[in-house]
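According to our numbering, the stretch in the sequence shown is residues 25 to 363, in order.
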Amino acid sequence: MKSLTINRMIVLLSRPEGMPTEQNFEIREAPFAEPGENQVVVRSIYLSVDPYMRGRMNDSKSYTEPYRLGEPIVGGVVGEIVKSKSDQYVVGDKVIGMLGWQLYNVVDAALLRKVDEKIAPLSAYLSVLGLTGLTAYFGLLDIGQPKEGETVVVSGAAGAVGMIVGQIAKIKGARVVGIAGSDEKTQFLENELGFDETINYKTVGNLSQALEQACPDGVDIYFDNVGGTISDEVMNLLNTHARIAVCGAISSYNSTDGDYGPRVQRKLIKTRSLMKGFIYFDYADRSNEGIQALGKWLTEGKLKYEETIMEGFDQVPQAFLQLFEGKNLGKMLVKVNGI
Ligand SMILES: NC(=O)c1ccc[n+]([C@@H]2O[C@H](COP(=O)([O-])OP(=O)(O)OC[C@H]3O[C@@H](n4cnc5c(N)ncnc54)[C@H](OP(=O)(O)O)[C@@H]3O)[C@@H](O)[C@H]2O)c1
């Protein structure tokens, strides 16, 4: 192996106000330390960019610490061990971990998990078999609890979480209505993934009317990835004992003037509905169950997944920004090194 001396990293240079820009990030070069006892060096192969990272760029209280200015952004990374001072790993092992946006990470071996490319392509460990697949699995099945014949509406339906939610709902015998931001996406959902109805929220005009037409029997489960006015409209169609899994609110992540909207209390009371926010790691101790179920459906051909993979380390900030423009179909990843 070539000697490793200079590393490249992407740091948070300034906290975004509203929509982030490339100027909020900086690519830096720095020498890196040799691994210590029980540490390894991981060469990054795929970096995950995720909407939740936007929240960590603010200096505010949340379920995780804010990113620190001048330090690499941290997120899901799949890579290869290139140096090991740990009994657990040998050079060449493929691993996943929450690592820095860096070409190489020096990290405690205990913070990594082995992945096997004979079982699934490496990228899948950051998508359908990773955080987004598990979020879909547990959010829908634990909070939504879909039953045969029920109507499930999912927003952000052509994204990494949304397209898995819709397909699991179909596996459970539900009728699935997906809301997404382009005709290419809605057609993909209907033609490739078997969604029953779709709505392009950007061109539909009257969303309320379109939802009523798409959900003639009302809404039993709403899997909410976006919040905002889309969710306000879906909440008007709740059936008695509806379940709302509040997964994300991307429509307001870049908002600078608060997140206002109609009040939901009376709708929840009238329909005796359950509305519950959740974070994927609430289910961390059940990840194996989720991975096994998702893997089984993949093998049986009941579940498909899609990834939008950009190439090159310098593209990472751009890939992140494109999430907010809806440029991705399925999971957005960046391939930063060859396998
Ligand atoms: N609770 C958890 O543990 C957890 C875990 C993972 C993700 N999440 C959340 O789940 C949601 C989906 O995450 P993901 O990783 O699957 O991302 P994703 O859906 O693959 O990508 C983001 C998508 O959001 C849509 N979008 C962007 N701006 C929007 C806006 N203003 N209004 C409506 N839609 C907008 C875009 O699709 P369109 O073209 O359709 O607009 C874009 O492709 C996010 O809100 C994320 O924060 C939560």
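Idealized CB from N, CA, C, for every residue including glycine.
Original post:
In or out: Val131 buried (at least 16 other Cβ within 10 Å) or exposed?
Top reply: By the neighbour-count rule (16 or more Cβ atoms within 10 Å), Val131 is buried.
Subject >> Residue span of the beta strand (DSSP E) that contains Ile120, given as start and end >> reply: 118-124 is the extent of the beta strand (DSSP E) around Ile120.
Original post:
Along the chain, which unbroken stretches of the alpha helix (DSSP H) at least 4 residues long are found entirely within the region 164-243?
Top reply: Complete alpha helix (DSSP H) runs here, min 4: 184-195, 207-215, 231-238.
Subject >> Under 7 angstroms between C-beta atoms of Asp256 and Thr175 >> reply: One thing to note: Asp256 has its Cβ no nearer than 7 angstroms to the Cβ of Thr175.
Original post:
Roughly how many whole angstroms lie between the Cα atoms of Asp338 and Phe49?
Top reply: If I take the Cα positions, the gap works out to 11 angstroms.
Subject >> N-terminal and C-terminal residue of the beta strand (DSSP E) that Asn312 is part of >> reply: Asn312 -> not in any beta strand (DSSP E); alpha helix (DSSP H) instead, spanning 311-323.
Subject >> Closest residue to Glu61 among Gln289, Lys109, Ala343, Gln211 (Cα-Cα distance) >> reply: Comparing Cα positions, the closest option is Lys109.
Subject >> Simplified DSSP assignment, three categories, for Met25 >> reply: With a pLDDT of only 49 at Met25, under 50, the local geometry of the prediction cannot be trusted, and the value read off the model is given with reservation. DSSP, read as helix, strand or coil, puts Met25 in coil.
Subject >> the region 159-168 / the region 190-200 touching (three or more Cβ pairs under 8 angstroms) >> reply: Contact check between the region 159-168 and the region 190-200: three or more CB pairs, one atom from each, fall below 8 angstroms, which counts as touching.
**OP:** Could you have a look at Asp111 and say whether DSSP puts it in helix, strand or coil?
**Re:** If DSSP states are grouped into helix, strand and coil, Asp111 belongs with coil.
**OP:** Confirm the yes/no value for this check: CB of Asp117, any heavy atom of ligand 2, distance under 6 angstroms.
**Re:** For the structure depicted, ligand 2 is absent and the ligand set comprises only ligand 1.
Original post:
Anyone know if the C-beta pair for Gly186 and Val178 falls short of 7 angstroms?
Top reply: Cβ atoms of Gly186 and Val178: closer than 7 angstroms.
Subject >> Bridge partners - Ser72, DSSP secondary structure assignment >> reply: The partner list for Ser72 (beta bridge, DSSP) reads Leu357.
Subject >> Which listed residue (Glu335, Glu331, Leu345, Val340) has its alpha carbon closest to that of Lys355 >> reply: Among Glu335, Glu331, Leu345, Val340, the Cα nearest to that of Lys355 is on Glu331.
**OP:** Return the bridge partner residues of Asn50 from the DSSP annotation.
**Re:** What sits at residue 50 in the sequence shown is Glu, not Asn. Note: Glu50 sits in a beta bridge opposite Val35.
Subject >> Contact belief for Ala148 with Tyr329 at Cβ below 8 angstroms, rounded distance in angstroms >> reply: Ala148 to Tyr329, Cβ: 7 angstroms. Contact.
**OP:** Kindly examine ligand 1 and report whether one of its heavy atoms sits closer than 6 angstroms to the Cβ of Gly323.
**Re:** Reading off the sequence shown, one finds Thr at residue 323, where the question assumed Gly. Every heavy atom of ligand 1 is 6 angstroms or more from the Cβ of Thr323, so no.
Original post:
If you measure from the CB of Cys239, is any heavy atom of ligand 1 nearer than 6 angstroms?
Top reply: Cys239: no, Cβ never under 6 angstroms from ligand 1.
Subject >> ligand 1 heavy atom lying under 6 angstroms from the CB of Pro90 >> reply: No - ligand 1 has no heavy atom lying nearer than 6 angstroms to the Cβ of Pro90.
Original post:
Where do the ends of the alpha helix (DSSP H) carrying Arg287 lie?
Top reply: For Arg287, there is no enclosing alpha helix (DSSP H), as DSSP marks it with neither H nor E.
Original post:
Mapping DSSP to helix, strand and coil, what is Glu104?
Top reply: Note: Glu104 maps to strand in three-state DSSP.
**OP:** In angstroms with no decimal places, state the Cα-to-Cα distance between Ala266 and Arg296.
**Re:** So the alpha carbons of these two residues sit roughly 7 angstroms apart.
Original post:
Which residues in the same chain as Glu89 place their Cβ atom closer than 6 angstroms to its Cβ, once the five residues preceding and following it in sequence are excluded?
Top reply: Correct list: empty, nothing qualifies.
Subject >> Limits of the beta strand (DSSP E) - the one that Asp338 falls within >> reply: Note, Asp338: premise wrong, no beta strand (DSSP E); not H, not E.
**OP:** Kindly confirm or deny that the region 139-146 and the region 117-131 touch, where touching means at least three C-beta pairs closer than 8 angstroms.
**Re:** Yes: the two stretches touch, three or more of their Cβ pairs being nearer than 8 angstroms.
Original post:
Does DSSP classify Val139 as helix, strand or coil?
Top reply: Three-state DSSP puts Val139 in coil, outside helix and strand.
Subject >> Straight-line Cα distance separating Ile223 from Arg32 >> reply: In this model, Arg32 and Ile223 are separated by some 42 angstroms (Cα to Cα).
**OP:** Give the single residue among Ala160, Leu127, Ala204 whose Cα lies nearest to the Cα of Tyr307.
**Re:** Ranking the options by Cα distance to Tyr307, first place goes to Ala160.
**OP:** Confirm, please, whether the CB-CB distance from Ala269 to Phe247 is below 7 angstroms.
**Re:** In terms of Cβ geometry, Phe247 and Ala269 form a close pair [threshold 7 angstroms].
Subject >> Which residues DSSP lists as bridging Glu331, in chain order >> reply: According to DSSP, which records beta bridges pairwise, Glu331 is partnered with Lys355.
**OP:** May I have a chain-ordered list of the beta strand (DSSP E) segments no shorter than 3 residues that lie completely inside the region 254-285?
**Re:** Within the region 254-285, complete beta strand (DSSP E) segments of at least 3 residues are found at 262-270, given in chain order.
**OP:** Give the straight-line distance between the Cα atoms of Leu213 and Gly202, rounded to the nearest whole angstrom.
**Re:** Leu213 and Gly202: Cα-Cα distance of roughly 8 angstroms.
Subject >> Spatial distance of Gly251 from Leu37 (CA atoms) >> reply: Computed Cα separation, rounded: 28 angstroms.
Original post:
Thinking C-alpha only, which one of Glu313, Val65, Tyr277, Asn361 is nearest Ser84?
Top reply: Cα-wise, what sits closest to Ser84 is Tyr277.
Original post:
DSSP three-state call for Tyr91: helix, strand or coil?
Top reply: Tyr91 falls in the coil class under three-state DSSP.
Original post:
Where do the N-terminal and C-terminal ends of the alpha helix (DSSP H) with Tyr161 fall, by residue?
Top reply: Looking at the DSSP string, the run of the alpha helix (DSSP H) that includes Tyr161 is 155-162.
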